[in-house]
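Participant: Residue numbers (the numbering used here): 7 to 135. Please see the structure below; I have some questions.
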Amino acid sequence: MLTLQQNRFSVEEEGMQLWQSDTGLHVQDFLTCDLDRDGETELLLLTWRRGNYGPSKPFWVSRNDTGWSQHIFIYNWQNGTPVPQWMSSRLRPEVARWALHDKDQLFIVTPDGTETLWQWGYWGLERIA
Numbered sequence: 007m008l009t010l011q012q013n014r015f016s017v018e019e020e021g022m023q024l025w026q027s028d029t030g031l032h033v034q035d036f037l038t039c040d041l042d043r044d045g046e047t048e049l050l051l052l053t054w055r056r057g058n059y060g061p062s063k064p065f066w067v068s069r070n071d072t073g074w075s076q077h078i079f080i081y082n083w084q085n086g087t088p089v090p091q092w093m094s095s096r097l098r099p100e101v102a103r104w105a106l107h108d109k110d111q112l113f114i115v116t117p118d119g120t121e122t123l124w125q126w127g128y129w130g131l132e133r134i135a
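Right, here's the structure in full:
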């Protein structure tokens with residue numbers, strides 16, 4: 007069972023917790039779909055965390071910021087638990103709402119009402135409309 011409570015996402019099976027999102031993440035929403043069209047379901051988390059990057063940052067960035075930023079994290083499933091596949095940098099603009107479109111595309115609405123459509127590309131999400 008997949009649950010989102012108090013900004014924490016968890017995976018449970020038969021009453022046992024198999025996985026939970028990090029305490030430093032605030033999960034806003036989640037979706038499941040075959041986003042990369044490989045025949046397997048992925049988990050998508052819309053998250054907030056402090057800093058634009060995780061422990062690995064681009065060579066040109068000397069210091070990570072400390073403000074809250076929004077990110078999309080995509081996970082594959084391995085033995086019933088999520089394993090990171092792709093994690094976005096800070097989203098600009100941010101996502102106000104998102105939904106699945108045609109089973110493998112992501113429909114995103116920004117805070118100003120702009121509607122966009124995204125799909126999985128070679129490595130990451132690519133805007134298609």
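Every residue, glycine too, gets a C-beta built ideally from N, C-alpha and C.
Is it buried or exposed for residue 89, if we count other Cβ within 10 angstroms and need 16 for buried?
Facilitator: Exposed, because fewer than 16 other Cβ atoms sit within 10 Å of the Cβ of residue 89.
Participant: Please report the residue range of the beta strand (DSSP E) in which residue 53 lies.
Facilitator: Residue 53 -> beta strand (DSSP E) spans 48-56.
Participant: Since I believe residue 26 is in contact with residue 54 (beta carbons under 8 Å), could you give me their beta-carbon distance rounded to a whole number of angstroms?
Facilitator: In fact, because the Cβ distance is near 16 Å, the residues do not count as touching under 8 Å.
Participant: For residue 125, which three-state DSSP category applies?
Facilitator: The answer is strand: DSSP assigns residue 125 an E or B state.
Participant: With DSSP as the reference, identify every bridge partner of residue 105, one or two as the case may be.
Facilitator: Paired residues: 113.
Participant: Determine, using beta-carbon pairs with one atom in the segment 62-69 and one in the segment 13-21, whether at least three such pairs fall under 8 Å.
Facilitator: Flag = no, the segment 62-69 and the segment 13-21 do not touch.
Participant: Cα separation between residue 79 and residue 118?
Facilitator: Between residue 79 and residue 118, the C-alpha separation is close to 23 Å.
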